[in-house]
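A.B. asks: Pasting a structure here, questions to come.
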Amino acid sequence: NRINALEAQQSISIRGASESQAAISLRVTNGNALLLSRDTVSTGAWLFELSAGDVATLPDGSLTLAATATDTAGNTRLVKRTITKDTAIATPMINAVTGDDVLSPQERTAPVIVSGLTEPKASVLLTIGGWSRRITATAEGTWTTELSTSILRALPTGPSQFVAQATDASGNVSASTTRNVAIAAAT
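First residue of the sequence shown? That's 1 in my numbering, and the numbers climb one at a time after it.
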């Protein structure tokens with residue numbers, strides 16, 4: 001019941017079944033605004049193919065698909081389904097690590113919290129060198145993970161990149177964001 005950015009570039013099939021010879025009317029709305037309409041006659045099953053161009057013109061947000069079947073006797077039946085078109089996701093943010101983006105030898109002897117912001121309930125993939133972890137953001141969009149001392153000790157001294165990429169509930173994947181963190185050598 002969701003159309004993500006990738007799907008919004010493709011055609012979409014809407015199928016149903018009704019009495020043979022019934023007139024089928026499909027209406028796509030958001031609120032009271034009619035966005036798209038199609039009509040056909042059923043052979044028992046019906047199909048509306050929305051082109052990629054049709055799908056692209058639909059705005060992001062909640063959309064109602066309403067199919068009305070009118071049989072040859074004039075009886076009508078209405079079926080509605082609400083879908084969501086969600087084609088955007090913001091690039092996640094990584095907060096400063098240890099306050100100053102420098103991991104000192106002392107700070108690497110205890111777990112370190114890495115946190116940030118993203119779309120609410122999105123899945124964030126945090127990658128540091130060859131290590132990665134998936135974190136689910138809260139309903140407010142905050143995400144937090146703890147790096148163990150074994151992970152911290154494995155980081156080579158010098159510059160390191162902490163990279164975050166988010167995937168939302170619709171399957172949209174964000175651009176990556178990078179935070180440069182210095183891994184300080186023991187003195």
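Even for Gly, the Cβ is constructed at its ideal location relative to N, Cα and C.
With a cut-off of 8 Å on the beta carbons, I'd call L58 and L35 a contact; round off their distance for me.
C.D. replies: The count along the sequence shown starts at 1 and reaches residue 58 at position 58. The count along the sequence shown starts at 1 and reaches residue 35 at position 35. Yes, L58 and L35 are in contact; Cβ-Cβ is about 6 Å, under 8 Å.
A.B. asks: Can you give the Cα-Cα distance for K121 and N75, rounded to whole angstroms?
C.D. replies: Residue 121 sits at position 121 when you count from the first residue of the sequence shown. Residue 75 sits at position 75 when you count from the first residue of the sequence shown. Going from the Cα of K121 to the Cα of N75 covers about 44 Å.
A.B. asks: Taking only three categories from DSSP, how would you classify I151?
C.D. replies: On the sequence shown, position 151 is the one that residue 151 refers to. Helix at I151.
A.B. asks: Just checking, does the region 10 to 18 make contact with the region 45 to 53 on the three C-beta pairs under 8 Å criterion?
C.D. replies: With the cut-off at 8 Å, the region 10 to 18 and the region 45 to 53 touch.
A.B. asks: In its own chain, which residues sit with a C-beta less than 7 Å from the C-beta of I183, not counting the 5 before and 5 after it?
C.D. replies: Translated into positions along the sequence shown, residue 183 becomes position 183. So the qualifying residues of the chain are L103, L155, P156, T157, G158 and S160.
A.B. asks: Taking the continuous alpha helix (DSSP H) assigned at T57, which residues delimit it?
C.D. replies: Position 57 of the sequence shown, counted from the start, is the residue given in the question as residue 57. That run of the alpha helix (DSSP H) goes A52 to T57.
A.B. asks: Please report how far the alpha carbon of I24 lies from the alpha carbon of A67, in whole angstroms.
C.D. replies: Looking up residue 24 in the sequence shown gives position 24. Looking up residue 67 in the sequence shown gives position 67. Cα to Cα, I24 sits roughly 7 Å from A67.
A.B. asks: Between the alpha carbons of S37 and T82, how many angstroms are there, rounded?
C.D. replies: Here the question's residue 37 lines up with position 37 in the sequence shown. Here the question's residue 82 lines up with position 82 in the sequence shown. Roughly 16 Å between the two C-alpha positions.
A.B. asks: Between A175 and the rest of its own chain, which residues show a CB-CB distance below 8 Å, the 5 nearest in sequence each way excluded?
C.D. replies: In the sequence shown, residue 175 corresponds to position 175, counting from 1. For A175, where only same-chain residues beyond five positions count, the Cβ hits under 8 Å are T91 and Q165.
A.B. asks: Quick check on DSSP: helix, strand or coil for S109?
C.D. replies: Translated into positions along the sequence shown, residue 109 becomes position 109. The amino acid occupying residue 109 in the given sequence is Thr; Ser does not appear at that position. In this structure, T109 counts as helix in the three-state DSSP scheme.
A.B. asks: Output the boundary residues of the beta strand (DSSP E) element that contains D39.
C.D. replies: In the sequence shown, residue 39 corresponds to position 39, counting from 1. Counting along the chain, the beta strand (DSSP E) containing D39 begins and ends at A33 to V41.
A.B. asks: Could you give the DSSP three-state label for E19: helix, strand or coil?
C.D. replies: Here residue 19 refers to the residue found at position 19 when the sequence shown is read from its first residue. DSSP places E19 in coil when its eight states are reduced to three.
A.B. asks: Enumerate in chain order the residues of its own chain whose CB-to-CB distance from D60 is below 7 Å, with the five nearest sequence positions on each side excluded.
C.D. replies: Along the sequence shown, read from residue 1 onward, the residue named residue 60 stands at position 60. Cβ within range, chain order: K85, D86, T87 and A88.
A.B. asks: Look at the Cβ atom of T72, then the Cβ atom of Q21, and state whether they are nearer than 8 Å.
C.D. replies: Position 72 of the sequence shown, counted from the first residue, corresponds to residue 72. Position 21 of the sequence shown, counted from the first residue, corresponds to residue 21. Yes, they are a contact pair.
A.B. asks: For T87, name the three-state secondary structure that DSSP assigns.
C.D. replies: On the sequence shown, residue 87 is found 87 positions in, with the first residue counted as 1. Three-state DSSP puts T87 in coil, outside helix and strand.
A.B. asks: Please report the straight-line C-alpha distance between A69 and R15, rounded to a whole angstrom.
C.D. replies: Taking the first residue of the sequence shown as position 1, residue 69 is located at position 69. Taking the first residue of the sequence shown as position 1, residue 15 is located at position 15. C-alpha separation (whole angstroms): 13 Å.
A.B. asks: Tell me whether Q161 sits in a helix, a strand or coil according to DSSP, three-state version.
C.D. replies: Residue 161 sits at position 161 when you count from the first residue of the sequence shown. It is a strand residue.
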